[in-house]
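**Student:** The structure follows.
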């Protein structure tokens with residue numbers, strides 16, 4: 009189930025510093041609107057909306073429309089590919105593959 | 516909480532890379548104890564024979580002595596190699612927690628070498644609310660690390 013794709017989507021979504029800042033603000037509030045996110049951010053509301061759209065596509069935030077407002081909240085499940093990647097065995101196998109590459113160079117130059 | 520929420524969900528770790536070597540050479544590094552010891556860990560009692568039991572010694576944690584108990588499940592020379600990977604203890608969280616997993620290596624010939632795909636499957640994910648709450652507290656740290664990870668990846 010964990011292919012390269014979901015982790016790439018999560019990484020791409022969070023690699024942008026502004027988008028990461030938006031995500032951090034969503035994480036630190038229960039629910040938050042675009043207007044509240046825009047306030048004091050130094051970025052236009054349109055830009056914030058685009059960032060939220062990207063975060064939503066990566067599965068990192070969910071939205072809940074209520075009346076004329078849309079509330080955004082963080083989705084813990086969205087970070088699973090990343091947590092997994094950084095977990096002990098994710099790191100373990102990547103390190104081992106690097107060792108294997110070195111060993112192969114030695115025995116089969 | 517319904518039944519679906521109580522049923523553990525599992526996740527796989529996948530590492531997939533191309534090496535500029537033949538499948539035969541890579542197969543040797545995956546299935547020869549001395550070579551395994553040079554890139555992975557030195558196995559005890561290993562033979563590339565289906566049904567064979569062997570172990571790896573790793574760092575102990577809590578009530579777990581650090582032994583990983585393996586059993587060869589599938590040997591298809593130069594193509595596919597799988598073994599069970601079990602260890603850990605119920606009392607541990609994170610490193611050293613209970614593991615009942617399978618490691619599978621899949622080799623396929625590509626233009627400039629061999630694609631080696633590792634699938635380490637069967638990691639149980641916490642699916643209940645408490646676990647998610649605990650995990651969400653680690654978010655901030657995770658998010659702070661993303662920039663570094665992305666840089667390191669390319």
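Residue numbers (the working numbering), protein chains in the order written: chain E, 9 to 117; chain W, 516 to 669.
By construction, the Cβ of each residue, glycine as well, lies at the ideal position given by its N, Cα and C atoms.
#1: Near residue 613 of chain W, which residues of its chain fall below 7 Å by C-beta distance, leaving aside the five closest residues on each side in sequence?
#2: Would you mind giving the Cβ-Cβ distance between residue 528 of chain W and residue 101 of chain E, rounded to the nearest angstrom? I have them listed as a contact below 8 Å.
#3: Decide yes or no for the touch test of the segment 531 to 542 of chain W against the segment 554 to 561 of chain W: beta carbon pairs closer than 8 Å, at least 3 of them.
#4: Pick helix, strand or coil for residue 564 of chain W, following the three-state DSSP scheme.
#5: Using a Cβ cut-off of 7 Å, which residues of the segment 566 to 588 of chain W contact any Cβ in chain E, in chain order?
#6: Output the distance between the C-alpha atoms of residue 648 of chain W and residue 537 of chain W, rounded to the nearest integer angstrom.
#7: For the beta strand (DSSP E) containing residue 83 of chain E, name the first residue and the last one.
#8: Closest to residue 568 of chain W by CA distance: which of W:553, W:552, W:597 and W:580 is it?
#9: Per DSSP, what kind of secondary structure is residue 637 of chain W in: helix, strand or coil?
#10: Spatial neighbours of residue 40 of chain E within its chain, please: C-beta separation below 8 Å, excluding the five flanking residues on both sides.
#11: Measuring straight from C-alpha to C-alpha, what distance separates residue 18 of chain E and residue 575 of chain W?
#12: Whole angstroms are fine: how far does the CA of residue 584 of chain W sit from the CA of residue 565 of chain W?
#13: Out of E:38, E:56 and E:16, point me to the one whose CA is closest to residue 29 of chain E's CA.
#14: Can you give me the start and stop residues for the alpha helix (DSSP H) that residue 612 of chain W sits inside?
**Tutor:** Once the coordinates are examined:
#1: Correct list, in chain order: 603, 604 and 605.
#2: About 6 Å separates the two Cβ atoms, so the contact holds.
#3: Using a Cβ-Cβ distance cut-off of 8 Å, the segment 531 to 542 of chain W and the segment 554 to 561 of chain W are not in contact, since fewer than three pairs of beta carbons, one from each stretch, lie closer than that value.
#4: Look at residue 564 of chain W here: in three-state DSSP terms it is coil, with no helix or strand label.
#5: Answer set for the segment 566 to 588 of chain W: empty.
#6: With a pLDDT of 47 at residue 648 of chain W, under the threshold of 50, the modelled position of that residue is not reliable, and no figure is offered here.
#7: Note, residue 83 of chain E: premise wrong, no beta strand (DSSP E); not H, not E.
#8: In terms of CA proximity to residue 568 of chain W, W:597 leads the group W:553, W:552, W:597 and W:580.
#9: Looking at residue 637 of chain W - three-state DSSP - the assignment turns out to be strand.
#10: Once the five neighbours on either side are set aside, the close Cβ partners of residue 40 of chain E are 33, 34, 79, 80 and 81.
#11: Cα to Cα, residue 18 of chain E sits roughly 33 Å from residue 575 of chain W.
#12: Spanning the two alpha carbons is a distance of roughly 15 Å.
#13: Ranking the options by Cα distance to residue 29 of chain E, first place goes to E:56.
#14: No alpha helix (DSSP H) contains residue 612 of chain W, which DSSP labels as neither H nor E.
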